[in-house]
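Going down the list, the protein sequences come from chains U and G. The first sequence begins at 1 in the UniProt record's numbering and counts up one residue at a time. The second sequence begins at 1 in the UniProt record's numbering and counts up one residue at a time. Ideal placement from N, C-alpha and C gives every residue a C-beta, glycine not left out. Each remark here refers to the structure printed beneath this line.
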Amino acid sequence: MSEIKLGDQWFIIVSDPQKQRGDKSSSGSYVTYQISSKPATEGDKRSGEDDITVVHRRYSDFVLLYQILANDYPACIVPPLPDKKVLNYLDRFSQSFTQKRCHSLQNFLQRLAQHPVLSQSKILHTFLVSSDWDAYQKSLAETVGNLSNKEELTETIMNAFKSVHSQSDEFVEIKEKSGKLDHNVSKIDKLFHRVVKKQEAIAEDYGKLGLSLRELQELVTTGDDRNSEVGNLGTKIKTFNEGMAQLSYSLRDLSRYIDYEYIIDLRDMEDYIDSMKQLIKLKDQKQIDYEELSDYLTRSINEKNNLISGYGSGSNFFKSKLEEFTGINQEAARREKISKLESKVQALTTEVENAKKVADAFEKEALKEVEIFEQIKTRELKRSLTTLADHHIEFYQKMVNTWSKIEESL
Amino acid sequence: MTEQSEHSNGGVCASSIQPARNGGLCGHGGVGGVGEAEGDPVHTQIIQEDNPFVEHGQSYVAPHSGGGRTSSGSSSSASLQEGLLAPPLAKSSAGEQGRVRILEASKVSEGQGRSYITYTISYRDRVVRRRYSEFESLRKILIKLFPMTLIPPIPEKQSLTSYGKSIAGSNANYVLPSEAAGCDLAVSVINGSVNLNDQKMIRHRIRMLTSFLNRLLQNEEVTKTSIIGDFLDPNNANWNDVITTSATISSLPKSVLQCNPLDPTNTTPAHASLPIPPLSSAPQLMGKDGVGTSTKPSAEDMEFSRIEYEYKKYEQLLHTGVYKYNRRITRTMHELKQDLADLSEAFAEFAVEQSKGGDLAELLSYLSNANDEAAAVLDDLVGKIYYNINEPLSEAVHIAGAARELIQYRRLKFAQRDMLKKSLLGKEGHLKRLQEQEDDAKAIDQLVDQHLGEGTRINLQRPSEASPNTYKRKLFSRFNKLANIVKETVTYQEQDPKVNIKTVQEDIEQIKESLDVSASDLDVITATIRDVQLPAFSRNRDKELYDILKNYSKYMKEYAAKNLEIWKDLRKQEENA
Chain U
1 MSEIKLGDQW
11 FIIVSDPQKQ
21 RGDKSSSGSY
31 VTYQISSKPA
41 TEGDKRSGED
51 DITVVHRRYS
61 DFVLLYQILA
71 NDYPACIVPP
81 LPDKKVLNYL
91 DRFSQSFTQK
101 RCHSLQNFLQ
111 RLAQHPVLSQ
121 SKILHTFLVS
131 SDWDAYQKSL
141 AETVGNLSNK
151 EELTETIMNA
161 FKSVHSQSDE
171 FVEIKEKSGK
181 LDHNVSKIDK
191 LFHRVVKKQE
201 AIAEDYGKLG
211 LSLRELQELV
221 TTGDDRNSEV
231 GNLGTKIKTF
241 NEGMAQLSYS
251 LRDLSRYIDY
261 EYIIDLRDME
271 DYIDSMKQLI
281 KLKDQKQIDY
291 EELSDYLTRS
301 INEKNNLISG
311 YGSGSNFFKS
321 KLEEFTGINQ
331 EAARREKISK
341 LESKVQALTT
351 EVENAKKVAD
361 AFEKEALKEV
371 EIFEQIKTRE
381 LKRSLTTLAD
391 HHIEFYQKMV
401 NTWSKIEESL
Chain G
1 MTEQSEHSNG
11 GVCASSIQPA
21 RNGGLCGHGG
31 VGGVGEAEGD
41 PVHTQIIQED
51 NPFVEHGQSY
61 VAPHSGGGRT
71 SSGSSSSASL
81 QEGLLAPPLA
91 KSSAGEQGRV
101 RILEASKVSE
111 GQGRSYITYT
121 ISYRDRVVRR
131 RYSEFESLRK
141 ILIKLFPMTL
151 IPPIPEKQSL
161 TSYGKSIAGS
171 NANYVLPSEA
181 AGCDLAVSVI
191 NGSVNLNDQK
201 MIRHRIRMLT
211 SFLNRLLQNE
221 EVTKTSIIGD
231 FLDPNNANWN
241 DVITTSATIS
251 SLPKSVLQCN
261 PLDPTNTTPA
271 HASLPIPPLS
281 SAPQLMGKDG
291 VGTSTKPSAE
301 DMEFSRIEYE
311 YKKYEQLLHT
321 GVYKYNRRIT
331 RTMHELKQDL
341 ADLSEAFAEF
351 AVEQSKGGDL
361 AELLSYLSNA
371 NDEAAAVLDD
381 LVGKIYYNIN
391 EPLSEAVHIA
401 GAARELIQYR
411 RLKFAQRDML
421 KKSLLGKEGH
431 LKRLQEQEDD
441 AKAIDQLVDQ
451 HLGEGTRINL
461 QRPSEASPNT
471 YKRKLFSRFN
481 KLANIVKETV
491 TYQEQDPKVN
501 IKTVQEDIEQ
511 IKESLDVSAS
521 DLDVITATIR
531 DVQLPAFSRN
541 RDKELYDILK
551 NYSKYMKEYA
561 AKNLEIWKDL
571 RKQEENA
């Protein structure tokens, strides 16, 4: 377990989505994201803000980065990107959409930066710091052309209806665990979605309540100036209403945080789990390759042995009778067959050995990757839960302050 | 007697309608014992002092004398509640003694599937049962007896189901917030099997009716008379009998507009014959249609138009604004509470599943707890807002309605006076015309006399010989007649000018008399409403709204503080982990 150590956390922030007018050649507008990053310094003091590099990238740049990494590191769980599909009814440039995507892209980069292998890739560094990304991108263009169907390729492999014969307990457990994780995360995601909807409704109603109170305040104030024992009710309502306004506003803020960041964290986690599952499927595929080959090998050996020992199988009996009848030299044919089979078995044995090596190596990598995934997952969940708590603390602290003041001045 | 019969029917254990945590109801024996002690309809249902009802989730009954003491001393929100219900006096112990409580509501079957609810009212050491219609009748009588006084409202008459629906909104699953939250209504028992919606509506009525009686008991004018005492007197088992046998009450005119505002028990003939303007009539400015009316909107009337407009606006803002949104917020919060509880469960499950994950599992289970606590805190807030904010707001809406009724009464009295003024003008005009005709006729007579001398007979037809009619009419009470006169001011058939003149003169006298009464009444009413009743209403309203705001702020602060603590604890635990 402890043999794998996550990379030190880089400082990476994706922010400030900006709509850009497309130049005459390209099609339409797009959104750029600002990426501020600072490599983790080995234990030493960071040397201030000067180290921070700021670049601007658009979504398609992220896609390119992803594709290259997926191609170069087939045995790694490359963290997924947010959906490239934009639902029709969503405004691609709306704040809600770009903010969420922005947060998701940040999760993507942070995952990369923590990954012990991927974080060392040249392309990631170029992506994060190079001011000449465009040129780099063009030089890659040809390569990329070949990459693009890689995903579909894996897709077809994945669709094979085969399953691994002998699954190691380890992977059985991993699969079970990831299934549960997925279930739990998506359940919490859905619940928070409900919470957000309700909080938004409440915030809106607080707003409306505030408007009614304001009208009431005006009505009560324009009325006769009574010297009631309470003092001026209008002033009281006004004081109270300030609390309502503040509450409505900060409740909306809290909901927005949950909606734009916390829930996005959960969704990204669900996607990440999917990527992990894909890798395991790929690993299974390698093992299936090996298992099929060794099945074939076994069958060939059996056949050869049968021939040697002279016991034809049932079906072969009639065949040999027939051959006998037609005057074919049985013995000669048998020898020839045996020698053919022998060379086949030889070739297969090497292939099986190779497949075994590949499968084993892949399995080892996959285990390592799953471990990395586990660590990143734990780190992420902890971080996002902590942030969630902090936002609630901030919200309630503000609320306590506001209403204490109001209660006092009432 | 209905009380007797209901014990066999109504004294059913009502646990099915109680929230789960009040489930101790059956086992407690109090209500279960109802059936055993039939002959005594009253005390059997009162669970006596061995019921520490506060600790038992405050399910039910306040013992009559001890109840007030216990509740006011037991929890701050309970005493706070009383502050809301009856502002200034309630806090003193004397006020507490003289307060009404509704101990329970029981469903009484009338047979044929019909049933009604009786409310068991405890006042001082007496207990009496009344049903909704009796409250309604009491209020109608009070309005006539004290036309210039703001009579507190009772809940509107609504069938059980429609009320339940209306407060539950479209969501049929909306249940009352838990009553363990220190809310007041729990001190009443509901007997008989009623569904959840009915229960809500009955609780609402219990609250409103209690408040109705307590407000009345604080009204010095009302308490000067014996009517409330009569209503609360167990000897008057049948309120209808009281009404029909009371000379005072049965002598009250049908319409409050014919009551003598200064002494309603003494309806003078002049009052009894006042015309009744249609309710929809006279929208504020009478002078507008100006049919020869001399009544221009005076400054006073303008002021009242403005006041009426403001009160309407106030009522509307409170009802369709503040109250409505607040109710919706409460409802959404109530649903949100469920989500938080679900989250708590989901995080717990997650924690179990991550049990190998070390501190992550721990963090997840903290979160589970935090959400659980947050749900409880929210539940508490929902209960407080529901009972101590929404209900008083709804009451404030009703009281505003009662104030508007009072202003409307003044407007109708004004319309009444205006009707009389108009009739008077019409009559006087008519009289003038008749006198002119008469003068003309005299002149003609003279001319004829002069020219034709004594001997000649002339058949001068008098326009009408309908005199029998005239005599008959005189047999009528002159005041009944007045009502007719007012109506037919213009449609007047030709009669013997002399008779006509006399009749019209009499009419004018009567109208003048009524007008005098009406005008002086109006002056008193205007002054009383404007200078006494409305200011008193405003003071009370300001106080009550202020209390609502203050409580609301307090709840918000407490709610925020509790949540802050929950999340800070979580953060601390997490850092320690």
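G/MET556 belongs to the set of residues whose beta carbon lies under 7 Å from a beta carbon in chain U. For U/ALA245, no CB of chain G lies under 7 Å from its own CB, so it is not counted at the interface with that chain. Neighbourhood of U/MET269 in chain G, by CB distance below 7 Å: empty, with the nearest CB roughly 12 Å away.
Counting only Cβ-Cβ distances below 8 Å, G/ALA346 has contacts in chain U at ASN184, LYS187, ILE188, LEU191, in chain order.
Runs of the alpha helix (DSSP H) lying entirely within the region 293 to 329 of chain G, each at least 4 residues long, are 299 to 316 in chain order. In the three-state reduction of the DSSP assignment, U/GLY207 falls in the helix class. Taking 7 Å as the CB threshold, U/SER250 stays off the interface with chain G. Counting along the chain, no alpha helix (DSSP H) covers G/ASP233, and no H or E run does either. In this structure, G/LYS550 sits near U/LEU410, with a CB-CB distance shorter than 7 Å.
The closest CA to that of U/LYS368, considering only U/ILE77, U/ASN71, U/SER339, is found on U/ILE77. Counting only residues of its own chain and dropping the five nearest sequence neighbours on each side, G/ARG99 has a CB closer than 6 Å to the CB of ASN214.
About 6 Å separates the Cβ atoms of U/LYS283 and U/GLU363, confirming a contact at the 8 Å cut-off. Listed along the chain, the chain U residues whose CB falls inside 8 Å of the CB of G/ARG571 are THR386, ALA389, ASP390, ILE393.
Under the DSSP assignment, G/THR120 falls outside any alpha helix (DSSP H), being part of the beta strand (DSSP E) whose first and last residues are 114 to 123.
The criterion of a C-beta distance shorter than 7 Å is not satisfied by U/THR32 and U/GLN246.
Following the DSSP letters along the chain, one finds U/GLY234 in no beta strand (DSSP E) but inside the alpha helix (DSSP H) bounded by residues 233 to 257. For G/GLY321, the nearest beta carbon of chain U is closer than 7 Å to its own beta carbon.
Interface flag for G/GLU353 against chain U is set, since a Cβ pair is found closer than 7 Å. Residue state for U/PHE93 is assigned as coil, using DSSP reduced to three classes. According to the DSSP assignment, G/ARG131 belongs to the beta strand (DSSP E) that extends over 126 to 131.
In this structure G/ILE385 does not touch G/TYR116 by the C-beta definition: roughly 31 Å separates them, more than the 8 Å allowed.
Looking at the backbone, the Cα of U/GLN18 and that of U/ARG383 are separated by about 27 Å. For G/TRP567, the chain U residues whose Cβ falls inside 8 Å of its Cβ are ALA389, HIS392, ILE393, TYR396, in order along the chain. Listed as beta-bridge partners of G/GLY111 by DSSP are G/ARG114. In terms of Cβ geometry, G/PHE537 and G/ALA403 form a close pair [threshold 7 Å]. For U/TYR33, the enclosing beta strand (DSSP E) covers residues 30 to 38.
Under the 10 Å beta carbon count, U/ILE376 is surrounded by 16 or more other beta carbons and is classified as buried. Per DSSP, G/ARG530 is not a residue of any beta strand (DSSP E), being assigned neither H nor E. For the 7 Å CB-CB criterion, G/ILE102 and G/ILE206 form a contact. With 16 or more other Cβ atoms inside 10 Å of its own Cβ, U/HIS103 counts as buried. Per DSSP, G/PRO269 is not a residue of any beta strand (DSSP E); the alpha helix (DSSP H) it occupies stretches across 269 to 272. Rounded to the nearest whole angstrom, the C-alpha separation of U/GLU407 and G/ASP569 is 25 Å. Taken through DSSP and simplified to helix, strand or coil, G/GLU104 comes out as strand. For G/ASP342, the C-beta contacts it makes with chain U under 7 Å involve LEU191, in order along the chain. Taking U/PRO39 as reference, the option from U/LEU381, U/SER29, U/TYR30, U/ILE52 with the minimal CA-CA separation is U/ILE52.
By the criterion of a C-beta distance shorter than 8 Å, G/ASN390 is surrounded in its chain by TYR323, ASN326, ARG327, THR330, once the five residues flanking it on both sides are discounted.
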